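Peer 1: Those protein sequence lines, which keep their order, are chains V and C. Under the working numbering, the first residue of the first sequence carries the number 1, and numbering increases by one thereafter. Under the working numbering, the first residue of the second sequence carries the number 1, and numbering increases by one thereafter.
There are 2 protein chains.
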Amino acid sequence: MTSEMPAIPWHKTRKADTRQPLTPDALVEAGIRVLDREGLEGVTMRRVAQELGTGPASLYAHVSGKDELLELMLERVSGEIRLPARPEPERWKEQIKEVCREAQRVYTAHRDITVVSLGGIQLGPNKLRVAEFVVGLLLSAGIPRQVAAFALDGLGQLIDSDAYEASLYTTKIAAGVDVDAYFDGVRDYLARLPEERFPLLRDMAETMVHGDGDERFEFKVEVFLRGLESYIER
Amino acid sequence: MTSEMPAIPWHKTRKADTRQPLTPDALVEAGIRVLDREGLEGVTMRRVAQELGTGPASLYAHVSGKDELLELMLERVSGEIRLPARPEPERWKEQIKEVCREAQRVYTAHRDITVVSLGGIQLGPNKLRVAEFVVGLLLSAGIPRQVAAFALDGLGQLIDSDAYEASLYTTKIAAGVDVDAYFDGVRDYLARLPEERFPLLRDMAETMVHGDGDERFEFKVEVFLRGLESYIER
DNA sequence: CGCGGGGGCGAACGCTGTTCGTTCTCGGTT
DNA sequence: AACCGAGAACGAACAGCGTTCGCCCCCGCG
Numbered sequence: 001m002t003s004e005m006p007a008i009p010w011h012k013t014r015k016a017d018t019r020q021p022l023t024p025d026a027l028v029e030a031g032i033r034v035l036d037r038e039g040l041e042g043v044t045m046r047r048v049a050q051e052l053g054t055g056p057a058s059l060y061a062h063v064s065g066k067d068e069l070l071e072l073m074l075e076r077v078s079g080e081i082r083l084p085a086r087p088e089p090e091r092w093k094e095q096i097k098e099v100c101r102e103a104q105r106v107y108t109a110h111r112d113i114t115v116v117s118l119g120g121i122q123l124g125p126n127k128l129r130v131a132e133f134v135v136g137l138l139l140s141a142g143i144p145r146q147v148a149a150f151a152l153d154g155l156g157q158l159i160d161s162d163a164y165e166a167s168l169y170t171t172k173i174a175a176g177v178d179v180d181a182y183f184d185g186v187r188d189y190l191a192r193l194p195e196e197r198f199p200l201l202r203d204m205a206e207t208m209v210h211g212d213g214d215e216r217f218e219f220k221v222e223v224f225l226r227g228l229e230s231y232i233e234r
Numbered sequence: 001m002t003s004e005m006p007a008i009p010w011h012k013t014r015k016a017d018t019r020q021p022l023t024p025d026a027l028v029e030a031g032i033r034v035l036d037r038e039g040l041e042g043v044t045m046r047r048v049a050q051e052l053g054t055g056p057a058s059l060y061a062h063v064s065g066k067d068e069l070l071e072l073m074l075e076r077v078s079g080e081i082r083l084p085a086r087p088e089p090e091r092w093k094e095q096i097k098e099v100c101r102e103a104q105r106v107y108t109a110h111r112d113i114t115v116v117s118l119g120g121i122q123l124g125p126n127k128l129r130v131a132e133f134v135v136g137l138l139l140s141a142g143i144p145r146q147v148a149a150f151a152l153d154g155l156g157q158l159i160d161s162d163a164y165e166a167s168l169y170t171t172k173i174a175a176g177v178d179v180d181a182y183f184d185g186v187r188d189y190l191a192r193l194p195e196e197r198f199p200l201l202r203d204m205a206e207t208m209v210h211g212d213g214d215e216r217f218e219f220k221v222e223v224f225l226r227g228l229e230s231y232i233e234r
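(1) If I follow the unbroken alpha helix (DSSP H) through residue 125 (chain V), where does it start and stop?
(2) Counting C-beta neighbours from all protein chains within 10 Å, is the total for residue 132 (chain C) 16 or more, i.e. buried, or is it exposed?
(3) Let me know the secondary structure DSSP gives residue 231 (chain V) once reduced to three states.
(4) Chain V beta carbons: is any one of them nearer than 9 Å to that of residue 45 (chain C)?
(5) Give me the Cα-Cα distance between residue 234 (chain V) and residue 207 (chain C), rounded to the nearest whole angstrom.
(6) Which of helix, strand or coil does DSSP assign to residue 114 (chain V)?
(7) Can you list the residues of chain V that residue 216 (chain C) reaches, using a CB-CB cut of under 8 Å?
(8) Counting pairs of Cβ atoms below 8 Å between the segment 66-81 of chain V and the segment 26-35 of chain V, do you hit three or more?
(9) May I have the straight-line CA-CA distance separating residue 121 (chain V) from residue 60 (chain C), to the nearest angstrom?
(10) Please classify residue 165 (chain C) as buried or exposed, where buried requires at least 16 other C-beta atoms within 10 Å of its C-beta.
(11) Of all the options C:41, C:184, C:231, C:190, which has the alpha carbon lying nearest to the alpha carbon of residue 111 (chain C)?
(12) Within its chain, find whatever has a CB closer than 7 Å to the CB of residue 65 (chain V); leave out the 5 residues flanking it on each side and keep chain order.
(13) Leaving out five residues before and five after residue 1 (chain V) in sequence, what residues of the same chain have Cβ atoms less than 7 Å from its Cβ?
(14) Buried or exposed: residue 55 (chain V), going by 16 or more other Cβ atoms within 10 Å of its Cβ?
(15) Sort C:98, C:75, C:77, C:203 by Cα distance to residue 86 (chain C) and report the nearest one.
(16) DSSP three-state call for residue 198 (chain V): helix, strand or coil?
(17) Mind checking the segment 103-126 of chain C against chain V and listing, in chain order, the residues whose C-beta falls within less than 9 Å of any C-beta there?
(18) List, from N- to C-terminal side, the alpha helix (DSSP H) runs of 4 residues or more that fit wholly inside the segment 39-75 of chain C.
(19) My output table needs one value for residue 221 (chain C): the three-state DSSP class, helix, strand or coil.
(20) Using a beta-carbon distance cut-off of less than 8 Å, what residues from the segment 154-171 of chain V approach chain C?
(21) Quick check on the DSSP output: the alpha helix (DSSP H) that includes residue 88 (chain C) runs from which residue to which?
(22) Distance cutoff 9 Å, beta carbons only. Does residue 50 (chain V) sit that close to anything in chain C?
(23) Determine the closest residue to residue 230 (chain V) out of C:227, C:231, C:136, with distance taken between C-alpha atoms.
(24) For residue 95 (chain C) and chain V, any beta-carbon pair shorter than 9 Å?
(25) Less than 9 Å separating the beta-carbons of residue 210 (chain C) and residue 149 (chain V)?
(26) Can you tell me the Cα-Cα spacing of residue 232 (chain C) and residue 144 (chain C), whole angstroms?
(27) Taking 9 Å as the cut-off, decide whether the C-beta atoms of residue 214 (chain V) and residue 157 (chain C) are in contact.
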């Protein structure tokens with residue numbers, strides 16, 4: 001073991017420059033690293049600060065608070081959503097589905113980040129980029145402007161709540177919970193409901209728990225798009 | 001000011017019996033009182049205990065933890081949802097809309113309680129009661145079983161995320177935020193987006209912020225139901 | 001009459017987001 | 001070249017969170 005030497009006094013004591021110099025971007029990246037590793041509830045100011053080798057108070061010079069940090073993280077993640085090379089109006093339904101799948105994939109890849117999305121309107125450029133593409137596709141399909149505007153809302157909600165649900169299960173799996181057994185339990189519970197009050201749910205127990213998350217999501221988007229189709233002006 | 005008298009020693013000092021004797025039901029009711037008054041973030045174990053004139057540790061004899069308390073509260077609230085007297089298959093779309101409106105009304109009346117709903121499958125009798133009614137309506141309309149099962153999911157997500165969003169705005173209003181001015185700000189922001197990247201959103205600024213929450217909700221449900229209609233077997 | 005068990009609860013633990021006040025650093029101005 | 005002030009960095013602290021521990025008391029059963 002080497003013995004401790006006193007610092008040479010005329011050497012400026014300078015901490016290792018290895019760590020990046022604490023910019024808003026560095027905060028966002030550190031936050032996302034923590035998010036991916038431990039989920040949204042693990043993203044605390046202390047944890048993020050630790051990731052950057054500092055204390056929580058230091059973060060407030062670059063970010064107004066935790067809420068702003070989370071919104072910046074969401075915006076960054078939204079940037080990972082890849083859009084089709086160009087809109088193809090004749091394939092509008094299929095392309096919108098592609099965007100939905102892609103958004104769901106990206107959000108789910110970052111645990112439960114979508115909770116932030118449920119908390120308000122997001123106006124960052126990366127989210128708007130996706131919205132611009134989708135709304136263009138809807139308009140080109142002949143869907144009225146007001147319908148297209150509302151539809152953007154609806155699709156966003158479907159994506160967000162689905163991604164959130166999906167992330168809960170992946171978190172459960174990561175925590176060692178047997179999700180298959182859980183759904184088996186749900187099915188058995190439904191199948192044993194009192195016949196006089198819940199005849200249908202009881203009978204449909206198997207149907208209710210059928211299908212994985214992707215299949216259910218795909219279906220819901222398809223239903224919504226079929227509904228939109230009925231608004232097309234001819 | 002009346003001076004304090006010492007307690008008469010042979011009188012059993014008995015705290016006012018007015019407060020109910022701490023049952024799970026009493027916890028749930030106290031929790032909902034706090035929820036209605038201060039919103040979900042105000043529902044802390046300490047706050048609920050205080051509402052019952054005791055300390056937080058006392059709650060754990062009746063409830064396994066905060067999560068269970070919240071789920072019990074959600075179940076209780078779900079009991080307030082009133083269903084039509086009887087299903088009328090020929091009016092299935094209108095009746096499902098009525099149920100959605102009613103559910104949205106009830107949930108929104110209890111602030112942001114729906115956040116709990118987003119956190120997992122709820123199997124309490126009150127929630128199942130609504131599900132049984134809706135699924136019966138769908139089946140009677142000729143919608144295939146698997147479609148009906150998935151649709152239940154989709155409608156639930158629409159209701160939950162919409163009620164959550166609506167509660168955020170009522171909370172903002174209660175906090176003195178001018179929501180109209182907020183939306184004006186959003187519209188102006190959209191209208192000033194760079195033309196070359198966001199021509200459509202820029203142009204649709206007015207359309208995007210048009211309509212209140214109820215109108216948007218109504219529309220989304222209508223779209224989803226039209227989509228479901230296309231699955232009816234003849 | 002005795003006693004066991006469970007509800008009630010004060011205190012504490014280890015967290016959280018945020019603020020305060022101090023120290024440090026560094027670029028621009030005398 | 002000397003100085004100075006603005007902003008970044010940050011240690012410490014505050015108020016509050018969910019939950020647990022350990023003790024007291026009281027009720028009901030044997």
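Virtual Cβ for every residue (Gly too), placed ideally from N, Cα, C. On a predicted model such as this, the values are computed, not experimentally measured, just so you know.
Peer 2: According to the structure data:
(1) If you number the first sequence from 1, residue 125 (chain V) lands on position 125. Residues 125-140.
(2) Working through the second sequence from its first residue, we reach residue 132 (chain C) at position 132. Buried, by the Cβ-count rule.
(3) Within the first sequence, numbered from 1, the residue matching residue 231 (chain V) stands at position 231. Annotated three-state conformation of residue 231 (chain V) is coil, per DSSP.
(4) Along the second sequence, one-based indexing puts residue 45 (chain C) at 45. False, the Cβ-Cβ gap to chain V never drops below 9 Å.
(5) By 1-based counting over the first sequence, the position of residue 234 (chain V) is 234. By 1-based counting over the second sequence, the position of residue 207 (chain C) is 207. Taking the Cα positions, residue 234 (chain V) is about 21 Å away from residue 207 (chain C).
(6) The residue you call residue 114 (chain V) lines up with position 114 of the first sequence. Looking at residue 114 (chain V) - three-state DSSP - the assignment turns out to be helix.
(7) Start at 1 with the first residue of the second sequence, and residue 216 (chain C) comes out as number 216. Those are 150, 153, listed as they occur along chain V.
(8) They touch, by the three-pair rule.
(9) Here residue 121 (chain V) is taken as the residue at index 121 of the first sequence, counted from 1. Here residue 60 (chain C) is taken as the residue at index 60 of the second sequence, counted from 1. Straight-line spacing of the CA atoms in residue 121 (chain V) and residue 60 (chain C) works out to 38 Å.
(10) The sequence position of residue 165 (chain C) within the second sequence is 165, counting from 1. Burial state of residue 165 (chain C) is buried, judged by a 10 Å Cβ sphere holding 16 or more other Cβ atoms.
(11) Position 111 of the second sequence holds residue 111 (chain C). Nearest of C:41, C:184, C:231, C:190 to residue 111 (chain C), Cα basis: C:41.
(12) In the first sequence, counting from the first residue as 1, residue 65 (chain V) sits at position 65. Same-chain partners within the cutoff: there are none.
(13) As a first step, residue 1 (chain V) is located in the first sequence; it is residue number 1 there, counting from the start. Confidence at residue 1 (chain V) is low in this model, with a pLDDT of 47, below 50, so its placement is unreliable and no value can be given for it.
(14) Within the first sequence, residue 55 (chain V) is the residue found at index 55, counting from 1. Residue 55 (chain V) should be labelled exposed.
(15) The residue you call residue 86 (chain C) lines up with position 86 of the second sequence. If we check each option's Cα against that of residue 86 (chain C), C:98 comes out closest.
(16) One-based indexing of the first sequence puts residue 198 (chain V) at position 198. Assignment of residue 198 (chain V) by DSSP, reduced to helix, strand and coil, places it in the coil class.
(17) Within the segment 103-126 of chain C, the residues whose Cβ lies closer than 9 Å to some Cβ of chain V are 115, 118, 119, 120, 121, 123, 125, listed in chain order.
(18) Complete alpha helix (DSSP H) runs here, min 4: 45-51.
(19) To locate residue 221 (chain C), count along the second sequence from 1; it is residue 221. In the three-state scheme derived from DSSP, where H, G and I count as helix and E and B as strand, residue 221 (chain C) is classed as helix.
(20) Contact residues of the segment 154-171 of chain V toward chain C are 154, 157, 158, 160, 161, 162, 164, 165, 168 (C-beta to C-beta distance below 8 Å).
(21) Counted from its first residue, the second sequence places residue 88 (chain C) at position 88. That residue, residue 88 (chain C), is in no alpha helix (DSSP H); it is neither H nor E in DSSP.
(22) Reading the first sequence from its first residue, position 50 is the one you call residue 50 (chain V). So no, residue 50 (chain V) is outside the interface.
(23) By one-based count along the first sequence, residue 230 (chain V) stands at place 230. Distances from the CA of residue 230 (chain V) to each of C:227, C:231, C:136 were compared; the closest alpha carbon is that of C:227.
(24) In the second sequence, residue 95 (chain C) corresponds to position 95, counting from 1. By this cut-off, residue 95 (chain C) is not an interface position.
(25) Walking along the second sequence from the start, residue 210 (chain C) turns up at place 210. Walking along the first sequence from the start, residue 149 (chain V) turns up at place 149. A Cβ-Cβ contact shorter than 9 Å links residue 210 (chain C) with residue 149 (chain V).
(26) Here residue 232 (chain C) refers to the residue found at position 232 when the second sequence is read from its first residue. Here residue 144 (chain C) refers to the residue found at position 144 when the second sequence is read from its first residue. C-alpha separation (whole angstroms): 7 Å.
(27) Counting from one through the first sequence, the residue named residue 214 (chain V) turns up at place 214. Counting from one through the second sequence, the residue named residue 157 (chain C) turns up at place 157. Not a contact, by the Cβ cut-off of 9 Å.
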